[in-house]
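Peer 1:
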Amino acid sequence: MVSSLLLQANFCLQIVPEGFLLGFQALNVLNLSRTHIRTLPISLVQLSQLRALILRRCQRLAKLPPVGNLCNLEVLDCSSSDLELLPEGMENLTNLRLLDLSKTSLRYIPNGIISQLSRLEIINTTKSFYTWGARSELERGQTPFDELQCLDRLSALFMNFNSYNLAFEDLSWIERLKRFHVVIHKSPTNAKALQVMRWSNRATSTDSDKNWMKSLVQKANLQTIPTDFPKEYRFIGLRSLTMTDCDLNFQPARVSGTKFYPLLTLEELILLRLGLESISELVHHLHLRFSELRIIKVSECYYLKNLFSSTSITPTLKNLEKVTISHCRKLVELFESASSSQSSEGLLEELVENATSSQTLIPSCIVPNLRIMKLKELPKLATLGGHHQSWQHLEKLEVIHCNQIKKLPFTTQNATAIKEIRGASQWWNDLEWDDENTKSGLQQYFKPY
Numbered sequence: 001m002v003s004s005l006l007l008q009a010n011f012c013l014q015i016v017p018e019g020f021l022l023g024f025q026a027l028n029v030l031n032l033s034r035t036h037i038r039t040l041p042i043s044l045v046q047l048s049q050l051r052a053l054i055l056r057r058c059q060r061l062a063k064l065p066p067v068g069n070l071c072n073l074e075v076l077d078c079s080s081s082d083l084e085l086l087p088e089g090m091e092n093l094t095n096l097r098l099l100d101l102s103k104t105s106l107r108y109i110p111n112g113i114i115s116q117l118s119r120l121e122i123i124n125t126t127k128s129f130y131t132w133g134a135r136s137e138l139e140r141g142q143t144p145f146d147e148l149q150c151l152d153r154l155s156a157l158f159m160n161f162n163s164y165n166l167a168f169e170d171l172s173w174i175e176r177l178k179r180f181h182v183v184i185h186k187s188p189t190n191a192k193a194l195q196v197m198r199w200s201n202r203a204t205s206t207d208s209d210k211n212w213m214k215s216l217v218q219k220a221n222l223q224t225i226p227t228d229f230p231k232e233y234r235f236i237g238l239r240s241l242t243m244t245d246c247d248l249n250f251q252p253a254r255v256s257g258t259k260f261y262p263l264l265t266l267e268e269l270i271l272l273r274l275g276l277e278s279i280s281e282l283v284h285h286l287h288l289r290f291s292e293l294r295i296i297k298v299s300e301c302y303y304l305k306n307l308f309s310s311t312s313i314t315p316t317l318k319n320l321e322k323v324t325i326s327h328c329r330k331l332v333e334l335f336e337s338a339s340s341s342q343s344s345e346g347l348l349e350e351l352v353e354n355a356t357s358s359q360t361l362i363p364s365c366i367v368p369n370l371r372i373m374k375l376k377e378l379p380k381l382a383t384l385g386g387h388h389q390s391w392q393h394l395e396k397l398e399v400i401h402c403n404q405i406k407k408l409p410f411t412t413q414n415a416t417a418i419k420e421i422r423g424a425s426q427w428w429n430d431l432e433w434d435d436e437n438t439k440s441g442l443q444q445y446f447k448p449y
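Residue 181 in this note's numbering sits at position 181 of the sequence shown, with consecutive numbering throughout.
#1: Over what stretch of residues does the beta strand (DSSP E) that includes residue 297 continue unbroken?
#2: Would you check if the distance between the CB atom of residue 280 and the CB atom of residue 309 is smaller than 7 Å?
#3: DSSP state of residue 434, grouped into three classes?
#4: Could you tell me the boundaries of the beta strand (DSSP E) in which residue 399 lies?
#5: Tell me the residue span of the beta strand (DSSP E) that contains residue 280.
#6: Given a cut-off of 7 Å on the beta-carbon distance, is the pair residue 8 and residue 34 in contact?
#7: Please return the same chain residues whose Cβ sits closer than 6 Å to the Cβ of residue 114, not counting the five positions on each side in sequence.
#8: Can you give me the Cβ contacts of residue 129 inside the same chain, cut-off strictly under 7 Å, excluding the 5 residues immediately before and after it?
#9: Could you name the residues of the same chain whose beta carbon sits closer than 8 Å to that of residue 447, not counting the 5 residues immediately before and after it, in chain order?
#10: Do residue 151 and residue 122 have their C-beta atoms within less than 7 Å of each other?
#11: Counting C-beta neighbours from all protein chains within 10 Å, is the total for residue 6 16 or more, i.e. buried, or is it exposed?
#12: State the Cα-Cα distance for the pair residue 393 and residue 154, rounded to the nearest angstrom.
#13: Pull the bridge partners of residue 108 from the DSSP assignment, please.
#14: Pick out the complete beta strand (DSSP E) segments inside the region 8-82, 3 residues or longer, and give them in chain order.
#15: Leaving out five residues on either side along the sequence, give the residues of the same chain with a beta carbon under 6 Å from the beta carbon of residue 67.
#16: Where residue 178 and residue 158 are concerned, what is the direct C-alpha to C-alpha distance, given to the nearest angstrom?
#17: Kindly indicate which residue of 367, 78, 263 and 243 has the alpha-carbon position closest to the one of residue 301.
#18: If we call anything under 7 Å between Cβ atoms a contact, is residue 25 one with residue 46?
#19: Are the CB atoms of residue 29 and residue 4 nearer to each other than 7 Å?
#20: Name the one or two DSSP bridge partners that residue 419 has.
#21: Roughly how many angstroms separate the alpha carbons of residue 367 and residue 295, rounded to a whole number?
#22: Look at residue 277 and residue 305 and say whether their C-beta atoms are less than 7 Å apart.
#23: Count the other CB atoms, across all protein chains shown, that sit within 10 Å of the CB of residue 434; report buried if there are 16 or more and exposed otherwise.
#24: Identify which residue in 53, 82, 61 and 93 has its Cα closest to the Cα of residue 76.
#25: When DSSP labels each residue in this structure, what does residue 1 get in the three-state scheme?
#26: Taking residue 430 as the reference, which of 44, 238 and 406 has the closest Cα?
#27: Out of 173, 326 and 56, which one is the CA nearest neighbour of residue 83?
#28: Pull the bridge partners of residue 132 from the DSSP assignment, please.
#29: Can you tell me which of 303, 335, 415 and 375 puts its alpha carbon nearest to the alpha carbon of residue 317?
#30: Tell me the DSSP secondary structure of residue 240 in three-state form.
#31: Of all the options 1, 12 and 43, which has the alpha carbon lying nearest to the alpha carbon of residue 20?
#32: Please classify residue 160: is it buried, with 16 or more other beta-carbons within 10 angstroms of its beta-carbon, or exposed?
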């Protein structure tokens, strides 16, 4: 008997005949992804042994038949379909482990449905029209966020929710999550959001840690970033942070006897359409150290002038391996030199003041282990700059439409790890070199894009 029916990527498939599925009643897996079907036959209900129904990228699929008889179903993936409503009988899918409704037209989830899915481990509703809400201010079609706490096996959560007057108290259940991606906003039409991804589960936790998400919700949609985050909200365990669509202003720093350092475990920082002139603004304002940071991605930050500025103390990013920057039209430097922004007297004063700090001032080597750098559409960037030791571990450099870069910071001593350089052939041919031996040594690694 056939246990798996894999029909994915049959782009000509538009209709599943009514009697077709009756011949496969022992099916465990049915995959119709990337087909042009608009609906499924009612005979789907006869597939009582079905464990996985995969309908990913069925872009014309707007409705499903009742699924209440599919009591063994463990995986329901409708991502990137046109699904608007959950099918009837969802509450009977008590063995369901994965529910993916991301990138759908979903607008409505009846109250009490999700809490019935007691074995659910992964739920994803991101980039759909559906928004979770607070029980105190539910709109029609919203399921309260606290309904998720009934799901004892939930380990991964990907969702949008409305932060307006969220008033949940018991967040201890969040501690069991291993991964999540949360988009917080005040309304579905408000594009400004703070996204938080990949919470790392920990063997131990403190009561104060359990309040971190409540703090995050309260701070969402910031017009200003205060410096007076309570000490207990350090986001211990947070691995990846995405900040997007915010015109940030910084309140004056308050004098405090003791500094605390949030985001110590952060490994990935993604900044999209922010009003920053430099990441150093965040570093200085929030006392960030980025000691575990491995990846920085910056895109469409139209006011950004440099990644890190010498006007503030900048941490040594000893674990940073990958930097990707694109479409930042005002970016002129990656690592701002001290001389370009500060007098020698002012720089000396700052050096003395921070002589005991574990952080260093640019232009010392703040990225000693950088392996990958990708630069795209940076019309004012003229130099990669940085300390010569910043490039000794660089393996891949990609420079696309950054035509002001006329010279690369490579020498025969610091370019030993290079494996690939990508860019336009004309750009490569026009580069200036201090040493022809360096160019000839790197020629074999150049690949035109």
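Ideal Cβ positions, reconstructed from N, Cα and C, are used throughout, including at glycine. Note that the structure is a prediction, hence the values are computed from the model and not measured.
Peer 2: A quick look at the data gives this:
#1: Residues 295-299.
#2: Cβ atoms of residue 280 and residue 309: closer than 7 Å.
#3: In this structure, DSSP gives residue 434 a state outside helix and strand, which the three-state scheme calls coil.
#4: For residue 399, the enclosing beta strand (DSSP E) begins and ends at 396-400.
#5: Residue 280 -> not in any beta strand (DSSP E); alpha helix (DSSP H) instead, spanning 280-286.
#6: Yes. Within cutoff.
#7: The answer, listed in chain order, is 143 and 147.
#8: Excluding residues within five positions, the ones whose Cβ falls inside 7 Å are 105, 106, 107 and 188.
#9: Exclusion of the five residues before and after residue 447 leaves 420, 421 and 422 as the residues of its chain whose Cβ lies within less than 8 Å of its Cβ.
#10: Taking 7 Å as the cut-off, the Cβ atoms of residue 151 and residue 122 do not count as close.
#11: Exposed, by the Cβ-count rule.
#12: Residue 393 and residue 154 have their C-alpha atoms spaced approximately 40 Å apart.
#13: Paired residue(s): 85.
#14: List check, beta strand (DSSP E) in window: 29-31, 52-54 and 75-77.
#15: Answer for residue 67: 87 and 89, listed in chain order.
#16: In a straight line, the C-alpha of residue 178 is about 11 Å away from that of residue 158.
#17: Here the closest residue by C-alpha is 243.
#18: In contact: residue 25 and residue 46 (Cβ atoms closer than 7 Å).
#19: In this structure, the beta-carbon distance from residue 29 to residue 4 falls below 7 Å.
#20: None, per the DSSP bridge assignment.
#21: The straight-line gap from Cα to Cα measures roughly 11 Å.
#22: It is a contact, given that the beta carbons lie within the stated cut-off.
#23: It is exposed - the Cβ of residue 434 has fewer than 16 other Cβ atoms within 10 Å.
#24: Minimum Cα distance to residue 76 is reached at 53.
#25: Coil, per DSSP.
#26: Of the candidates 44, 238 and 406, the one whose C-alpha sits nearest the C-alpha of residue 430 is 406.
#27: It is 56 whose Cα lies nearest to the Cα of residue 83.
#28: According to DSSP, residue 132 shares a beta bridge with 161.
#29: Taking each of 303, 335, 415 and 375 in turn and checking the Cα distance to residue 317, the smallest one comes out for 335.
#30: Three-state result, residue 240: strand.
#31: In this structure, 43 is the residue among 1, 12 and 43 with its C-alpha nearest to the C-alpha of residue 20.
#32: Burial call: buried.
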